[in-house]
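Participant: A single structure is presented below for examination.
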């Protein structure tokens with residue numbers, strides 16, 4: 005086998021850099037559920053269900069599209085409970101020439117990945133996560149020598165770089181932000197769009213049972229679980245937000261109201 009390509013639970017896209025040049029005939033996608041990640045802090049039970057269910061749905065989608073997928077469930081026989089342990093087992097199973105990963109969103113996981121080449125004896129390529137407008141290297145260059153790091157100035161820099169909401173070298177409308185106009189009080193009697201809710205399928209139900217068995221000490225309730233766990237449902241949720249919620253978001257983005265959890 006040529007490449008083993010590890011995909012993490014927050015990288016569920018065929019456009020992620022670790023899959024960008026995949027050979028579906030010779031490469032294998034590795035996805036693993038591990039106790040270390042589920043328990044290094046006590047996540048809400050529904051967060052665990054969301055991530056694990058989304059992972060399983062994504063793996064099934066990849067298989068339907070002809071990808072070779074090696075998926076290790078949390079309760080699979082022999083699961084070591086750690087990324088490093090499961091990567092080692094997968095390397096033993098597949099004997100790839102190279103391990104390809106997209107950089108993780110946490111420094112502790114990246115530090116772990118940076119040890120794999122030496123510890124596991126296989127070339128490891130850690131790719132930039134190009135779902136972000138700015139790479140870590142670019143941000144480091146921007147931040148170098150600054151006395152303080154303010155989001156406002158970084159935000160302006162990204163707009164200049166992309167040309168988004170720009171009129172030449174000036175911001176559209178003449179101002180960089182309109183925060184002063186985004187603090188309106190909620191009118192009495194104003195209605196709010198409810199969030200979109202989704203039914204539980206067999207995959208999600210299995211994950212809920214897993215979390216109930218293995219993570220019952222975590223906080224939160226499993227029921228009702230109504231989050232999107234597939235690409236199709238996530239796109240529906242996005243469409244609902246942009247159509248029904250976004251038009252009034254700016255005016256009331258700082259507003260809060262008792263009893264309105266999703267205002």
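Residue numbers (my numbering): 5 to 267.
Even for Gly, the Cβ is constructed at its ideal location relative to N, Cα and C.
Quick check on DSSP: helix, strand or coil for residue 247?
Facilitator: Note: residue 247 maps to helix in three-state DSSP.
Participant: For the beta strand (DSSP E) containing residue 76, name the first residue and the last one.
Facilitator: Segment 73-76, the beta strand (DSSP E) holding residue 76.
Participant: Apply the 10 Å Cβ neighbour rule to residue 48 and answer buried if 16 or more other Cβ atoms are within range, or exposed otherwise.
Facilitator: It counts as exposed.
Participant: What's the call for residue 232, buried or exposed, on a 16-neighbour Cβ count within 10 Å?
Facilitator: Buried is the call here.
Participant: Which same chain residues, not among the five before or five after residue 121, have their C-beta less than 7 Å away from its C-beta?
Facilitator: These residues qualify, in order along the chain: 127, 128.
Participant: At the level of alpha carbons, what is the spacing between residue 35 and residue 248?
Facilitator: The straight-line gap from Cα to Cα measures roughly 35 Å.
Participant: When the distance is taken between beta carbons, is residue 181 closer than 9 Å to residue 142?
Facilitator: No, the Cβ-Cβ distance between residue 142 and residue 181 is not below 9 Å.
Participant: Jot down the residue ranges of each uninterrupted beta strand (DSSP E) in the stretch 21-102, minimum 3 residues, whole runs only, in chain order.
Facilitator: Counting whole runs of 3 or more residues, the stretch 21-102 contains the beta strand (DSSP E) stretches 32-36, 73-76.
Participant: Check whether the stretch 58-78 touches the stretch 28-47, counting contact only when three or more Cβ pairs, one atom from each stretch, lie closer than 8 Å.
Facilitator: Flag = yes, the stretch 58-78 and the stretch 28-47 touch.
Participant: DSSP state of residue 166, grouped into three classes?
Facilitator: In the structure shown, residue 166 sits in a helix (DSSP, three-state: H, G or I).
Participant: If we call anything under 9 Å between Cβ atoms a contact, is residue 194 one with residue 204?
Facilitator: The answer is no: Cβ separation not under 9 Å.
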